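Inspection log for the structure reproduced underneath, given as structure tokens.
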Amino acid sequence: MARFEAEPDVKIRVNILGICEKYNISMSELSKIADIDLGKLIALSRDERQRVQLAHLERICQSLHIRDARELLLIEVINEEEQG
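With full-length UniProt numbering applied, the sequence shown covers 1 to 84.
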């Protein structure tokens, strides 16, 4: 598929901090209920991971009864200035 000039570059992020805030839990609590290493959640929240395990996303969704992926994932448009 051809790329159009007007298409913005985007970044997909896992909204760990937003999820914790919405459900009023800490990352430590989320780590325990979703059975995911706390260090991995912290790395996800800081965008330090290039790859995300679907099993982790599934466990977060199951643990918090999330049924809409838009609650868990954010798509951000990257400005040309930010790309540097």
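By construction, the Cβ of each residue, glycine as well, lies at the ideal position given by its N, Cα and C atoms. Quick caveat: nothing in here was measured; it's all calculated off a predicted structure.
In the DSSP assignment, what are the bridge partners of residue i?
i          : result
residue 33 : Paired residues: none, contrary to the question.
residue 47 : The partner list for residue 47 (beta bridge, DSSP) is empty, contrary to what the question assumes.
residue 67 : Residue 67 pairs with nothing; no bridge assigned.
residue 12 : 75
Counting C-beta neighbours from all protein chains within 10 Å, is the total for residue i 16 or more, i.e. buried, or is it exposed?
i          : result
residue 26 : exposed
residue 73 : exposed
residue 14 : buried
residue 41 : buried
Could you give the residue range of the alpha helix (DSSP H) that holds residue i?
i          : result
residue 72 : Taken as a continuous stretch (DSSP letters only), residue 72 belongs to no alpha helix (DSSP H), as it is neither H nor E.
residue 59 : 54-64
In the DSSP assignment, find the unbroken beta strand (DSSP E) run with residue i in it and report its ends.
i          : result
residue 19 : Element bounds for residue 19: not the beta strand (DSSP E) but the alpha helix (DSSP H), 16-22.
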